[in-house]
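Colleague: Just so you know, the protein sequences line up as chains A and B, in that order.
Going by the numbering used here, the first sequence opens with residue 2, and the numbers climb by one from there.
Going by the numbering used here, the second sequence opens with residue 352, and the numbers climb by one from there.
Got a structure here, written out as structure tokens. Questions coming.
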Amino acid sequence: QTVVTQEPSLTVSPGGTVTLTCASSTGAVTSGYYPNWFQQKPGQAPRALIYSTSNKHSWTPARFSGSLLGGKAALTLSGVQPEDEAEYYCLLYHGGVQWVFGGGTKLTVL
Amino acid sequence: EVQLVESGGGLVQPGGSLRLSCSASGFTFSSYGMHWVRQAPGKGLEYVSVISGNGGFTYHADSVKGRFTISRDNSKDTLYLQMGSLRAEDTAVYYCVKDVPGGYSFDYWGQGTLVTVSS
Numbered sequence: 002q003t004v005v006t007q008e009p010s011l012t013v014s015p016g017g018t019v020t021l022t023c024a025s026s027t028g029a030v031t032s033g034y035y036p037n038w039f040q041q042k043p044g045q046a047p048r049a050l051i052y053s054t055s056n057k058h059s060w061t062p063a064r065f066s067g068s069l070l071g072g073k074a075a076l077t078l079s080g081v082q083p084e085d086e087a088e089y090y091c092l093l094y095h096g097g098v099q100w101v102f103g104g105g106t107k108l109t110v111l
Numbered sequence: 352e353v354q355l356v357e358s359g360g361g362l363v364q365p366g367g368s369l370r371l372s373c374s375a376s377g378f379t380f381s382s383y384g385m386h387w388v389r390q391a392p393g394k395g396l397e398y399v400s401v402i403s404g405n406g407g408f409t410y411h412a413d414s415v416k417g418r419f420t421i422s423r424d425n426s427k428d429t430l431y432l433q434m435g436s437l438r439a440e441d442t443a444v445y446y447c448v449k450d451v452p453g454g455y456s457f458d459y460w461g462q463g464t465l466v467t468v469s470s
């Protein structure tokens, strides 16, 4: 069974920078995994932020960026705002029509 | 404006059935693959099913294979999830999600509909 692993929790100060990562139990994450990142706030549906590693949706704030880092997918928030406090999920496509979500990272802005 | 509105959730007994619907607007529905994703209370996201734009291809996660069926009616711009042999562990909010152009990624999510399986 394929497992996608994220940091369970991270804390960042307002104005700071933080990087969330997303690893696959199958090996190094590449662009062929089409990494997606989603933000979810309490009581709300998830909102898409990044697709295909580094592409932003029209509504994605400029301070969010996606990349590949050390065999993992990464989401970097630069100049963190208080409203960025949320749960963040990554999604990887493993081929054979198998999409797998990570367990989520709870980001605290403190 | 793209909108996805799920409906059909509710309380159902173990072993029962339920059909979820997702009404789409604001885009050419038949041109995009569509997905169902669920989230158990207090838990993370779990991928459930996908269907191609013309409905000719479907896939279901192992956890629901043989019990759930995804389908679509492009004349009604509506996505469905027929759920059968429901178990307590199927209790979750079910979201419908749209593919980005080109596929392999998601963009728009509905607000979700809650399915509770309990006696």
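For each residue, glycine too, the CB sits at the ideal point set by N, CA and C.
Closer than 7 Å between beta carbons: that is the criterion. Which residues of the region 398-415 of chain B meet it against chain A?
Modeller: Result list: Y398, V401 and Y410.
Colleague: Can we say the region 27-43 of chain A touches the region 87-98 of chain A, given the rule of at least three CB pairs closer than 8 Å?
Modeller: The region 27-43 of chain A is in contact with the region 87-98 of chain A.
Colleague: Sort V444/B, S436/B and S456/B by Cα distance to L396/B and report the nearest one.
Modeller: It is V444/B.
Colleague: Using only CA atoms, which one of L355/B, G367/B, A391/B and L362/B lies nearest to M434/B?
Modeller: Closest by alpha carbon: G367/B.
Colleague: So P365/B packs on V468/B, CB below 8 Å; how close in whole Å?
Modeller: Yes, they are in contact, since the Cβ atoms of P365/B and V468/B sit about 6 Å apart, within 8 Å.
Colleague: Closer than 8 Å by C-beta to S456/B: which residues in its own chain qualify, once you throw out the five before and the five after it? Chain order, please.
Modeller: Excluding sequence neighbours, S456/B sits near D450.
Colleague: Taking 8 Å as the threshold, find out whether the region 51-60 of chain A comes into contact with the region 7-15 of chain A through three or more Cβ pairs.
Modeller: The answer is no - the region 7-15 of chain A does not touch the region 51-60 of chain A, with fewer than three Cβ pairs under 8 Å.
Colleague: From L21/A, T3/A, Q2/A and S10/A, pick the residue whose C-alpha is nearest to that of L70/A; which is it?
Modeller: It is L21/A.
Colleague: How far does the beta strand (DSSP E) with D424/B in it reach, from first residue to last?
Modeller: Note, D424/B: beta strand (DSSP E), F419 to D424.
Colleague: Determine which residues share a DSSP beta bridge with A24/A and list them.
Modeller: Answer is T6/A, bridged to A24/A.
Colleague: Kindly provide the ranges of any beta strand (DSSP E) runs that are 3 or more residues long and lie completely inside the region 61-111 of chain A, ordered along the chain.
Modeller: Runs of the beta strand (DSSP E) inside the region 61-111 of chain A: 65-70, 73-79, 87-94, 100-102 and 106-110.
Colleague: Does the CB of Q462/B have a neighbour CB from chain A at under 8 Å?
Modeller: With 8 Å as the cut-off, Q462/B counts as an interface residue toward chain A.
Colleague: What residues in the region 445-458 of chain B have a beta carbon less than 9 Å from any beta carbon of chain A?
Modeller: Under the 9 Å Cβ criterion, the region 445-458 of chain B contributes Y446, V448, V451, G453, G454, Y455, S456, F457 and D458.
Colleague: S53/A versus chain B: which residues are under 9 Å apart at the beta carbon?
Modeller: V451, G453, Y455 and S456, listed in chain order.
Colleague: Quick check on this structure: which residue in G67/A, T18/A, V5/A and V4/A has the alpha carbon closest to the alpha carbon of V110/A?
Modeller: Answer by Cα proximity: T18/A.
Colleague: For the structure I just gave you, are there three or more beta carbon pairs, one from the region 356-364 of chain B and one from the region 42-55 of chain A, closer than 8 Å?
Modeller: Too few Cβ pairs lie closer than 8 Å, so no.
Colleague: Can you name the residues that DSSP bridges to L437/B?
Modeller: Bridge partners of L437/B: none, in fact.
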